[in-house]
Amino acid sequence: MKKYIYSLFMMILAVGGMISCSEEEGTNPGNDSRPNVVVYQFAPEAPYNADNDLLLRIAANSKVAEAYYLAEATTDKEAHIASMGKDGYMDYVIKNGTKIEGLSGASDSDVTVTGMVGEYIITVVAVNGNDKMATETTFTGLKWESIGIGMLSSSFFGGEGECEFYKASPVLKYKAIGPFEEGYDIVFDVADNNSVTVAQQAVYSSYGSYGTLYVSGNGALQSNKITVNLTFRVSAGVFGAFTETFILPVTEP
């Protein structure tokens, strides 16, 4: 049976959160003489998956009569551009893409694009009669695969335990599955020089009267071992920085 370190302790909370759309963002695409849009990216809220789904706020200027969007793998778009040119691709988006409802004149509209794995380009074409302009934004969707069971050692909680690990592609990330509480994973962003960043994320739902516990910090990946100095915090304050060690499965190169 999988061992969870959370069985060894009783403590903590947090403040943190999801990225959400501001009411003011995406409302000023400019006053161009031609139809034009500005595209803003946001991480979508549950039940969407921010690893593969993307919330777009599309803001139009007063010249836009209608607009369409299309999400394609980067390689597919590049092939289309090579075969039909930029003007031809705008017509392709209008024909094969999705019309953005409620977007006409100086206005904005939110759309959620889902299920993207790998490198994608989302193209938005603003139209006014025969006049049209394209705007694009990029997104890299992650594919996670289990690499087996490893170990972790926590100086904060004072214990050791087993943990399943996942690896992402095409961007290198590792994920420890519920190391302290089931349902609360930790994601490690790994740079080209093997430095590791842990963005603020919840690792424990509720501890005593404190509430959610969050961590953030930095470290390094070396010889299948991720060593990070994590700051543990709750809404009431910070507990300090602690060295946490995560050992990847021996089968992981």
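So the sequence shown is residues 160 to 412, counted in this note's numbering.
Positions of the beta carbon are idealized from the N, C-alpha and C atoms, including for glycine.
Computed from a predicted structure; not experimentally measured.
Same chain only: Cβ atoms within 7 Å of threonine 386, ignoring 5 sequence neighbours per side: Position 227 of the sequence shown, counting from 1, holds the residue named residue 386. Here the set comprises Gly378, Ala379, Thr402 and Thr404.
Measure the C-alpha to C-alpha separation of leucine 311 and glutamate 278 and round it to an integer number of angstroms. Along the sequence shown, read from residue 1 onward, the residue named residue 311 stands at position 152. Along the sequence shown, read from residue 1 onward, the residue named residue 278 stands at position 119. Each residue's alpha carbon lies about 32 Å from the other.
Is alanine 285 near alanine 218, with beta carbons less than 8 Å apart? Taking the sequence shown and counting its residues from 1, the one referred to as residue 285 is at position 126. Taking the sequence shown and counting its residues from 1, the one referred to as residue 218 is at position 59. Taking 8 Å as the Cβ cut-off, alanine 285 and alanine 218 do not qualify as a contacting pair.
Going by DSSP, what residue range makes up the beta strand (DSSP E) through methionine 275? Position 116 of the sequence shown, counted from the start, is the residue given in the question as residue 275. Segment: none, methionine 275 is in no beta strand (DSSP E) and carries neither H nor E.
Determine whether the beta carbon atoms of threonine 271 and aspartate 210 lie at a separation below 8 Å. Your numbering for residue 271 matches position 112 in the sequence shown. Your numbering for residue 210 matches position 51 in the sequence shown. For threonine 271 and aspartate 210, no; Cβs fall outside 8 Å.
Nearest by alpha-carbon distance to glycine 370: which of Arg392, Glu231 and Ala232 is it? Looking up residue 370 in the sequence shown gives position 211. Answer by Cα proximity: Arg392.
Quick check: the segment 323-334 against the segment 295-302, are there 3 or more CB pairs under 8 Å? yes
When we look at the beta-carbon of threonine 282 and count the other beta-carbons within 10 Å, is it buried (16 or more) or exposed? Residue mapping note: residue 282 aligns to position 123 of the sequence shown, counting from 1. Threonine 282 comes out buried.
Buried or exposed, going by whether 16 or more other CB atoms sit within 10 Å of the CB of valine 397? As a position in the sequence shown, residue 397 is number 238, starting the count at 1. Exposed.
Euclidean distance between Cα positions of alanine 232 and glycine 367: As a first step, residue 232 is located in the sequence shown; it is residue number 73 there, counting from the start. As a first step, residue 367 is located in the sequence shown; it is residue number 208 there, counting from the start. If I take the Cα positions, the gap works out to 46 Å.
What does the alpha-carbon distance come out to for the pair glycine 318 and phenylalanine 339? Reading the sequence shown from its first residue, position 159 is the one you call residue 318. Reading the sequence shown from its first residue, position 180 is the one you call residue 339. Glycine 318 and phenylalanine 339: Cα-Cα distance of roughly 10 Å.
Could you tell me the distance, in whole angstroms, from the CA atom of tyrosine 373 to the CA atom of asparagine 220? Here residue 373 refers to the residue found at position 214 when the sequence shown is read from its first residue. Here residue 220 refers to the residue found at position 61 when the sequence shown is read from its first residue. Going from the Cα of tyrosine 373 to the Cα of asparagine 220 covers about 41 Å.
To test your reading of the DSSP string, which unbroken beta strand (DSSP E) runs of 3 or more residues are found completely within the segment 187-214? 196-201
With hydrogens ignored, establish whether the beta-carbon of aspartate 246 is closer than 7 Å to any heavy atom of the ligand MG. With respect to the ligand MG, the structure offers nothing, as it holds no ligand at all.
Chain-order list of residues whose beta-carbon lies under 6 Å from that of leucine 214 (same chain, five-residue window excluded): Looking up residue 214 in the sequence shown gives position 55. Around leucine 214: Phe201, Pro203 and Thr271.
Mind checking lysine 334: buried by the 16 CB within 10 Å criterion, or exposed? The count along the sequence shown starts at 1 and reaches residue 334 at position 175. Flag for lysine 334 reads buried.
Would you report the Cα separation of threonine 239 and threonine 273, rounded to the nearest angstrom? In the sequence shown, the residue the question calls residue 239 occupies position 80. In the sequence shown, the residue the question calls residue 273 occupies position 114. The amino acid at residue 239 is misidentified as threonine; the sequence shows histidine. Answer to the nearest angstrom: the Cα atoms are 21 Å apart.
For tyrosine 199, tell me which candidate among Glu260, Arg193 and Arg216 has the shortest Cα-Cα distance. Counted from its first residue, the sequence shown places residue 199 at position 40. That would be Arg216, whose Cα lies nearest to the Cα of tyrosine 199.
Which whole runs of the alpha helix (DSSP H) in the segment 224-283 are 4 residues long or more, in chain order? 233-255
Report the option in Glu321, Glu411 and Gly261 whose CA atom is closest to the CA atom of glutamate 341. Position 182 of the sequence shown, counted from the first residue, corresponds to residue 341. For the residues Glu321, Glu411 and Gly261, the minimum Cα distance to glutamate 341 belongs to Glu321.
Glycine 376 versus lysine 291: straight-line alpha-carbon distance, rounded: Within the sequence shown, numbered from 1, the residue matching residue 376 stands at position 217. Within the sequence shown, numbered from 1, the residue matching residue 291 stands at position 132. Rounded to whole angstroms, glycine 376 to lysine 291 spans 46 Å at the Cα level.
Does the distance from the CB of isoleucine 259 to the CB of serine 268 come in under 8 Å? Locating residue 259 in the sequence shown gives position 100, counting from the first residue. Locating residue 268 in the sequence shown gives position 109, counting from the first residue. The answer is yes: Cβ separation under 8 Å.
Provide the residue(s) that pair with glutamate 341 in DSSP beta bridges, ordered along the chain. As a position in the sequence shown, residue 341 is number 182, starting the count at 1. BP columns for glutamate 341 are empty, so no partner.
Taking just the CA atoms, how far does serine 394 sit from valine 174? Counted from its first residue, the sequence shown places residue 174 at position 15. Counted from its first residue, the sequence shown places residue 394 at position 235. The predicted model places valine 174 with a pLDDT of 27, which falls under 50 and marks its position as unreliable; any figure quoted below should be read in that light. Going from the Cα of valine 174 to the Cα of serine 394 covers about 5 Å.
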